[in-house]
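As structure tokens, the structure follows; a few thoughts come after it.
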């Protein structure tokens, strides 16, 4: 009998963990989402129904999903716009101290507690914070107004996504040989022209990937709107939690969970596939 | 290489400086506020300084109990995740493994499942199969959310490893497991350390999964902090944030000395 390669045996523990810790729970969640809700009871009713999903199509639910995506799109745009120059300087700066300083900052933020950072953002950009006037100036919203919570949540999410986006792009810029820019310069291009016509197009696939990862991380974020949203900015993830804790409606929570799961995968894999078909030279296969 | 033209250099400098200031300012503000001597949240900056909020942190049993619970969960979940991530990354580095791309996509998929969904589904699932111990539930939840990151970190460190290196060891008489242990595992050392560190940090800081899987007597530090922030926004949390900042700086120092921050940036960049 032919022996299985050792790689197959090495996969087994991970596969078992995946089936037991994700496959099983998601299957049970999906079944639960199809069970009817009995008001006042934590037990599901008999039979199966799509009622929990049909409820998600109501305007009230749609608005939560719309707000979640709207803020996610804005935050991801800023994250790539601010993270890309940071990553480029962290890779290409002539000064070793600048390169190391920026990389240390990015890795440090990646490993530092998000809760601690969200608290610090509330203290800095919140109603009494020393930078609230900048937030008010840029957004046109008074720091004490309820809608200012959108600014706080966006800042919280950007603090979370910029280091991730920048570190993804650090890898992409490292993979681009500086000789490409030198070649463009030897043909008469200025450094700016070399960056705009050589570096940016070649880094575009990584930037699209970073944008989609950032968007997926924003729409699935739970803690930033919970702590900075002041009850005004409520993401779909928060809605799922409140359906479970406040109303005890497990079935509605499960349906929102399945919707969130599909939305996250659609953003990461679906949009990447569509973008690849529309821009085959720009979006990478993986 | 030619320097940047002046206008673009100014724009690039402004964007980078603004981004760095944006990222650092909150940490500095929280750090300063943590030494505020006032008993209330007053205007910034504070005039008198003291360690009263650090004493308040140390006197609060909810924080200390939560801290140790977080450490226990993060150590166990991080160790399991690192072991599984290393084995999986070694398998994925083998070109003979059929369907590597599909297998990798499946193994990395928990990264894109919202943690709130993982927490909620594990709560329903563990109740379904009769696991009620919150500590076990927490370890289960924290393990699954960290596995993709350990796989990516170890895989990144194995990029330079070629199958011929393993085969060379085998041609000298080593069995395949022995060749992997003696050649591939040392090559993956930086990724294993980086993956373990990321797994520990992610687990230690996790909120959504813990919120669903913990109970009133088994609370992690982030859950205690979230409860405090929602109930009473005081400066004790500024002291905790500063402690986190100091711990992060210490961790960065150790990682820089052992692995090198530039190499680490490449490995943890895979976190995205």
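Residue numbers (our numbering), protein chains in the order written: chain X, 13 to 298; chain E, 12 to 283.
The beta-carbon is built from N, C-alpha and C at its ideal position, and this holds for glycine as well.
Predicted model, so just to flag it, every value in this text is computed and none were measured.
With distances taken from CA atoms, which of X:179, X:248, X:198 is nearest residue 79 (chain X)?
Out of X:179, X:248, X:198, X:248 has the C-alpha closest to the C-alpha of residue 79 (chain X).
Who does residue 229 (chain E) pair with in a DSSP beta bridge?
Bridge partners of residue 229 (chain E): E:226.
Quick one: any contact between the segment 55–70 of chain X and the segment 182–189 of chain E, if contact means 3 or more CB pairs under 8 Å?
no
Kindly indicate the opening and closing residues of the alpha helix (DSSP H) around residue 33 (chain E).
17–44
At 8 Å on the CB atoms, spell out the chain X contacts of residue 188 (chain E), in chain order.
18
Just confirm the distance between the C-beta atoms of residue 179 (chain X) and residue 273 (chain E), as a whole number of angstroms; I'd bet it's less than 8 Å.
Contact check for residue 179 (chain X) and residue 273 (chain E): beta-carbon distance about 12 Å, past the 8 Å limit, so the pair fails to qualify.
Between residue 101 (chain X) and chain E, is any beta-carbon pair separated by less than 8 Å?
yes
In the segment 65–122 of chain E, which residue ranges form an unbroken alpha helix (DSSP H) of at least 4 residues, counting only runs that do not cross its ends?
72–103, 111–119
First and last residue of the alpha helix (DSSP H) that includes residue 65 (chain X)?
63–66
Which term fits residue 89 (chain X), buried or exposed, when burial requires 16 or more other beta carbons within 10 angstroms of its beta carbon?
exposed
Quick check: residue 94 (chain X) and residue 174 (chain X), are their CB atoms within less than 8 Å of each other?
yes
Closer than 8 Å by C-beta to residue 86 (chain E): which residues in its own chain qualify, once you throw out the five before and the five after it? Chain order, please.
If we look at residue 86 (chain E) and ignore the five residues flanking it on each side, its Cβ neighbours are 211.
Under 8 Å by Cβ, that's how I've got residue 48 (chain E) and residue 60 (chain E) pegged, so tell me the actual separation to the nearest angstrom.
6 Å
Could you tell me whether the Cβ of residue 283 (chain E) comes closer than 8 Å to any Cβ of chain X?
With a pLDDT of only 41 at residue 283 (chain E), under 50, the local geometry of the prediction cannot be trusted, and no value is derived from it.
Can you give the Cα-Cα distance for residue 244 (chain E) and residue 243 (chain X), rounded to whole angstroms?
CA-to-CA, the gap between residue 244 (chain E) and residue 243 (chain X) works out to about 15 Å.
Starting from the N-terminal side, write out each stretch of the alpha helix (DSSP H) that is 4 residues or longer and does not extend beyond the segment 173–198 of chain X.
190–198
If we count Cβ pairs, one from each stretch, closer than 8 Å, do we get three or more for the segment 215–225 of chain E versus the segment 132–149 of chain E?
With the cut-off at 8 Å, the segment 215–225 of chain E and the segment 132–149 of chain E touch.
Can you give me the C-alpha to C-alpha distance between residue 64 (chain E) and residue 247 (chain E), rounded to a whole angstrom?
5 Å
Identify the contact partners of residue 284 (chain X) in chain E, using a Cβ-Cβ distance below 9 Å as the criterion.
Residues of chain E passing the Cβ test: none, with the nearest at roughly 11 Å.
For residue 136 (chain X), go through chain E and note every residue whose CB falls closer than 8 Å to its CB, in chain order.
Per Cβ cutoff of 8 Å: 36, 37, 40, 41.
In or out: residue 105 (chain E) buried (at least 16 other Cβ within 10 Å) or exposed?
buried
Work out the CA separation of residue 214 (chain X) and residue 52 (chain X) for me, nearest whole Å.
57 Å
By how many angstroms is the C-alpha of residue 46 (chain E) removed from the C-alpha of residue 297 (chain X)?
Confidence at residue 297 (chain X) is low in this model, with a pLDDT of 40, below 50, so its placement is unreliable and no value can be given for it.
The alpha helix (DSSP H) that contains residue 262 (chain X), what's its start and end?
262–277
Do residue 168 (chain E) and residue 199 (chain E) count as a contact pair if the criterion is CB distance below 8 Å?
yes
With three or more beta-carbon pairs closer than 8 Å as the criterion, would you say the segment 253–267 of chain E touches the segment 121–139 of chain X?
At 8 Å Cβ cutoff, the stretches touch.
Under the DSSP definition of a beta bridge, which residues are partnered with residue 47 (chain E)?
Within the DSSP bridge table, the entry for residue 47 (chain E) names E:60 as partners.
Using CA coordinates, which residue listed in X:22, X:50, X:18 is at the minimum distance from residue 261 (chain X)?
X:50
Can you tell which of E:26, E:179, E:271, E:132 has the C-alpha that lies nearest to the C-alpha of residue 42 (chain X)?
For the options E:26, E:179, E:271, E:132, the alpha carbon positioned closest to that of residue 42 (chain X) is the one of E:132.
So residue 121 (chain X) contacts chain C; which residues on that side make the cut at Cβ distance below 8 Å?
Absent here is chain C; the protein component of the structure consists of chains X and E.
Do you know offhand how far residue 105 (chain X)'s Cα is from residue 31 (chain E)'s?
15 Å
Say whether chain E places a C-beta atom closer than 8 Å to the C-beta of residue 249 (chain X).
yes
Contact check, residue 28 (chain E) vs residue 97 (chain X) under 8 Å by CB: the rounded distance?
About 10 Å; that fails the 8 Å criterion.
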